[in-house]
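Number of protein chains: 2
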Amino acid sequence: MDMTTKLIAAAERLFDRHGYMATGMDRLTVAAGMSSRTLYKHAGSKAQLMARVLTERDRRFMARLQVQSVDALFAALEDWVRVEGTRGCLFLRSRAETGGDTPEIAEAVATHKAAFHQRIEEVVATDLGRENPALAEQVLVLLEGATHAAVYRGTDAVSAAKAAAAILMKRART
Amino acid sequence: MDMTTKLIAAAERLFDRHGYMATGMDRLTVAAGMSSRTLYKHAGSKAQLMARVLTERDRRFMARLQVQSVDALFAALEDWVRVEGTRGCLFLRSRAETGGDTPEIAEAVATHKAAFHQRIEEVVATDLGRENPALAEQVLVLLEGATHAAVYRGTDAVSAAKAAAAILMKRART
DNA sequence: TGCAATGTAAAACGTACGTTTTACATAGAT
DNA sequence: ATCTATGTAAAACGTACGTTTTACATTGCA
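From first to last, the protein sequence lines stand for chains A and B. The first sequence begins at 1 in the numbering used here and counts up one residue at a time. The second sequence begins at 1 in the numbering used here and counts up one residue at a time.
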């Protein structure tokens, strides 16, 4: 496992569990098992590191959304929260923490959310046999809602969202 | 306008716009127009101030949810985002920023979310004429989803959530 | 054999943090 | 008239921040 990979993995864990601002670089060097000199050689800066974390997370998350149905979309989210836990969306959280004032972070978030939105439109179109942007928007809201409601309602929130989406899809099909 | 009110209003604005951790107390004293001595006399500590901000926000938000129908619930959210903007849920955000490690904040968030959940169950029961916890969970997910999707999708997200809720409610009524 | 490259350990950089303290002004109630 | 409460201004508290630097060890390739 090379240094950059180890660093990004450690950073994602700490940023996600304790927050971006609340995580100091000292704590990060310890968690990543490397000197601050090496850390800065690979990361550039804290903000760049966060951006790299988000890019990597986007890759991992989007890989799970390569499905053919809306139902599978929610099944993928169920898997995701089982593996990653329920701490809300790291993209929105990091943007909010920095007030949108850190360009690297704001850009990584915008890129991810655009891809997320597009992927949902594609899945809805595939599942339905035709495009339906309004329905895709509803599915997006349900996915985002499940992610954030799960923080305090647990996995029930994801099941509820899945059931609601199934009803909306069935209605659109007839 | 007394000092405490002025302080809480200024704190809510800064915490919401720039994040809890990213907002320094110096910046806060300037925004609130008072010395740090006075600020600490009224606030106690930064964490206590955040907790007070959340309690006050809970009061203001919950007051808007004193409605009789699910449709009015989403209309209330539309009004809220029009007035307060779309930066996500300050409760979940502040809990995430502190990793749940700040008791005053974690408690204020838990209290609010419990009240929020209960209010939704009540409104669904009123609207439907009978209790329906599963449907209430779906409405909760839609409200939470609208709040967070609106950050990058704008007010369309709220309209989409409202429309989806109307479909779910209609279906439950027959 | 020697020279890049890549790593560690640890101190130092200046700055900014949350909080407390010191010293002083003002105003209303007894 | 004075005491108490409430406020300001500004310095100081110790700590922790993100980042850079200094000095040194290891290793793989020319």
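C-beta: ideal position from N, C-alpha, C; glycine also. All figures in this text were calculated on a predicted structure; none of them were measured in a lab.
- Query: Which residues in chain B sit within 8 Å of residue 156(A), going by Cβ to Cβ distance?
  - Reply: By 1-based counting over the first sequence, the position of residue 156(A) is 156. Chain B residues near residue 156(A): 137.
- CB contact below 9 Å: residue 98(B) versus chain A: Here the question's residue 98(B) lines up with position 98 in the second sequence. Interface residue, yes.
- Would residue 211(A) count as contacting chain B if we go by Cβ distances under 9 Å? Residue coverage of chain A in this structure runs from 1 to 174, which leaves residue 211(A) outside it and unanswerable.
- Query: To the nearest angstrom, how far is it from the Cα of residue 36(B) to the Cα of residue 144(B)?
  - Reply: Sequence index remark: in the second sequence, residue 36(B) carries index 36 (1-based). Sequence index remark: in the second sequence, residue 144(B) carries index 144 (1-based). Cα to Cα, residue 36(B) sits roughly 36 Å from residue 144(B).
- Got a sec, what are the start and stop residues for the alpha helix (DSSP H) residue 67(A) sits in? Taking the first residue of the first sequence as 1, we reach residue 67(A) at position 67. That residue, residue 67(A), is in no alpha helix (DSSP H); it is neither H nor E in DSSP.
- Query: Since residue 53(A) meets chain B, which of its residues come closer than 8 Å, beta carbon to beta carbon?
  - Reply: As a position in the first sequence, residue 53(A) is number 53, starting the count at 1. Here the premise fails: no neighbours, minimum Cβ distance about 15 Å.
- Task: Measuring only between beta-carbons, confirm whether residue 29(B) sits less than 9 Å from chain A.
- Result: In the second sequence, counting from the first residue as 1, residue 29(B) sits at position 29. So no, residue 29(B) is outside the interface.
- Query: Of the residues 146(B), 107(B) and 67(B), which one's Cα is nearest the Cα of residue 53(B)?
  - Reply: The count along the second sequence starts at 1 and reaches residue 53(B) at position 53. Answer by Cα proximity: 107(B).
- Would you mind reading off the limits of the alpha helix (DSSP H) that contains residue 145(A)? Taking the first residue of the first sequence as position 1, residue 145(A) is located at position 145. Here the alpha helix (DSSP H) through residue 145(A) covers 133 to 153.
- Which residues in chain A sit within 8 Å of residue 81(B), going by Cβ to Cβ distance? The residue you call residue 81(B) lines up with position 81 of the second sequence. Those do not exist, as residue 81(B) stays about 13 Å from chain A at its closest Cβ, beyond 8 Å.
- Message: Cutting at 7 Å between CB atoms, please list the residues of its own chain near residue 164(A), excluding the five before and the five after it.
- Response: On the first sequence, position 164 is the one that residue 164(A) refers to. Excluding sequence neighbours, residue 164(A) sits near 142.
- Query: Relative to the C-alpha of residue 136(A), which residue among 120(B), 139(B) and 159(B) is closest?
  - Reply: One-based indexing of the first sequence puts residue 136(A) at position 136. Residue 136(A) has its Cα closest to that of 159(B), out of 120(B), 139(B) and 159(B).
- Query: What does a CB cutoff of less than 8 Å around residue 97(B) pick up in its chain, not counting 5 residues either side in sequence?
  - Reply: On the second sequence, position 97 is the one that residue 97(B) refers to. Excluding residues within five positions, the ones whose Cβ falls inside 8 Å are 19, 20 and 21.
- Query: Beta carbon of residue 109(A), beta carbon of residue 152(B): below 9 Å?
  - Reply: As a first step, residue 109(A) is located in the first sequence; it is residue number 109 there, counting from the start. As a first step, residue 152(B) is located in the second sequence; it is residue number 152 there, counting from the start. Yes, the pair counts as a contact, with Cβ atoms nearer than the cut-off.
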